[in-house]
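As they're listed, the protein sequences go chains A and B.
Sequential numbering of the first sequence, starting at 1, is according to my numbering.
Sequential numbering of the second sequence, starting at 230, is according to my numbering.
Built from N, CA and C at the ideal position, the CB exists for glycine as well.
Structure first, then comments.
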Amino acid sequence: MTDTWNDRLSEYLDDELTPGERAALEAHLATCRDCTETLEELRAVVARAGALPARGPDADLWPGVAERIENAPAVIPFLTRSRRRFSFTLPQLVAAGLALMVVSGGGVWVLNHGGDATSGPPVAAQAVAGQGGAAAPETNIVPASFVDPRYDEAIADLQQTLQDGRAQLDPQTVRILEANLDAIDKAIDQSREALAKDPANLYLHNHLADARQRKLALLRRAVEMVNKG
Amino acid sequence: MAEVARAAKGDVRAFEALYRAHLPRVHSLVRRMTAGRDADELTQDVFVRVWQKLGTFRGDSSFGTWLHRLAVNVVIERFRTDQARRARMHDGEEIFNTIAGPALTRDIRLDFEAALEKLPDGAREIFVLHDVEGYKHHEIATLLEISPGTSKAQLHRARMMLRKHLK
């Protein structure tokens, strides 16, 4: 058997050789019984693969799927919905603004203080980090990852959904929403820059994770309100 | 398509009908790609992802094609988190001997499936994508982050192993 040609038999079968290579291989096949037999065997493999029947699982997987999708809301296309405009209520806007001030204030404090992990954050930032009044012990802080495909994918989906449905929102609401998102993005960027200089700073990790979570929550809330329209 | 539209609006019954219609093909794809490892769990992951993404289905391709591409992506995402699998991409020459024998039972289809499961991971994934699912080498190269040349070489390797099984 000629190994050089044998290694090209699949390409020959898949019609991926140049005309010159194809002619040379066919000339070789005319004189090589081993390669001719191998070619026929490979042809049989390809035919078998193409004829494999589909077969389902032995167990019914639907109950597990049904349970999980209950907690995973579908992304509903906007074209099928009514065009009613929607506005955030004043308390909602005030709450969003306060949350933004807390996030941004923490970011500014971190930058002004050089991200020193040994000194405590200001009171406002402690409230964000603690989520319940008391700061979490350092041993419970999980460093935030800069690369999180699921998070990025969720954000991209929500932003696309919001973009598609923004016509249903009051223009002033959209402006405030975009300003808030822009400020959170800046807080995220500032945290990342600070972390690049001080990767071991747990407060910064916590601050970044919190800002990313707030962005996700704000986008989800906005999309939810658009969906209700 | 009516069921797709209803499911996209949140109709769980319509989605269940889609699930049942496409389950055999999706599960077969997942099972063959993974050699049966966690196939049920991954199949569930696929349909949960489908539910979440239904609103993004634009109808540019058939629903089945869209769903299948999504299923391939879910499986490959799992591969990427399995570092041990990467190390196996270029191993497995010893498997030649274990699947070299001809079919011993009457059900040749099942024998072929069993032989497929014994292929090295890299060769099996590429064989399934190319010869079973109809993907092109440049598409496989993009999906698996390898070169088209590697895809061709692994496909030939898989076929050469499997041909011995069919003798």
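- In this structure, B:V275 lies away from A:I69, with their beta-carbon atoms at least 8 angstroms apart.
- A:L204 sits in a helix when the DSSP states are folded into three classes.
- A direct Cα-to-Cα measurement between B:H385 and A:R214 gives close to 50 angstroms.
- Distance between A:V174 and A:K186, taken at the CA atoms: about 18 angstroms.
- Taking a contact to require three or more Cβ pairs closer than 8 angstroms, the region 210-225 of chain A and the region 176-185 of chain A qualify as touching.
- Annotation: A:V45 to A:E16 spans about 18 angstroms, alpha carbon to alpha carbon.
- Taking each of A:Q159, A:P63, A:W5 and A:G20 in turn and checking the Cα distance to A:E178, the smallest one comes out for A:Q159.
- Look at B:L358 here: in three-state DSSP terms it is helix.
- Contacts with chain B at 8 angstroms (Cβ-Cβ) include A:I69.
- Among the residues of the region 3-23 of chain A, those with a Cβ less than 9 angstroms away from any Cβ of chain B are N6, D7, R8, L9, S10, E11, L13, D14 and E16, in the order of the chain.
- Beyond the five residues adjoining it in sequence on each side, B:L258 comes within less than 6 angstroms, by CB distance, of A300 in the same chain, given in chain order.
- The C-beta of B:K381 has 16 or more other C-beta atoms within 10 Å across all chains shown, which makes the residue buried.
- Contacts with chain A at 8 angstroms (Cβ-Cβ) do not include B:K347.
- For A:L216, not one C-beta of chain B is nearer than 8 angstroms to its own C-beta.
- With fewer than 16 other CB atoms across the displayed protein chains lying within 10 angstroms of its CB, A:D58 is exposed.
- Against B:H256, the close residues of chain A are A54, R55, G56, P57 and L61, in the order they occur along the chain (beta-carbon pairs closer than 9 angstroms).
- One Cα belongs to A:V226, the other to B:G363, and the distance between them is close to 40 angstroms.
- Contacts with chain B at 8 angstroms (Cβ-Cβ) do not include A:L219.
- Residue-level contact check: A:E41 touches chain B, since one or more beta carbons of chain B fall below 8 angstroms from its beta carbon.
- DSSP, read as helix, strand or coil, puts A:L52 in coil.
- If you ignore the 5 residues before and after B:H367, its C-beta comes within less than 7 angstroms of the C-beta of P377, all in its own chain and listed in chain order.
- Within chain A, the residues P57 and L61 have their CB atoms less than 8 angstroms from the CB of B:T272, given in chain order.
- Here the region 35-50 of chain A does not lie against the region 254-272 of chain B, with fewer than 3 beta-carbon pairs under 8 angstroms apart.
- When secondary structure is reduced to three states using DSSP, A:L61 falls in the coil class, being assigned neither helix nor strand.
- The criterion of a C-beta distance shorter than 8 angstroms is not satisfied by B:A234 and B:E346.
- When the alpha-carbon of B:V304 is set against those of B:Q383, B:A343, B:D340 and B:R260, the nearest one is in B:R260.
- Among the residues of the region 235-257 of chain B, those with a Cβ less than 8 angstroms away from any Cβ of chain A are A236, A237, K238, G239, V241, F244, E245, Y248, R249, L252, P253, R254, H256 and S257, in the order of the chain.
- CA-CA distance, A:V223 to A:A54, rounds to 38 angstroms.
- Neighbours of A:G50 in chain B, taken as residues at a C-beta separation under 9 angstroms, are given in chain order as D360, V361 and G363.
- Note on geometry: alpha-carbon atoms of B:R392 and A:L42 lie some 6 angstroms from one another.
- Distance from the Cα of B:A344 is smallest, within the candidate group B:S290, B:L395 and B:E245, for B:L395.
- Distance from A:L61 to B:D267 at the Cβ level is roughly 12 angstroms; contact not present, criterion being Cβ atoms closer than 8 angstroms.
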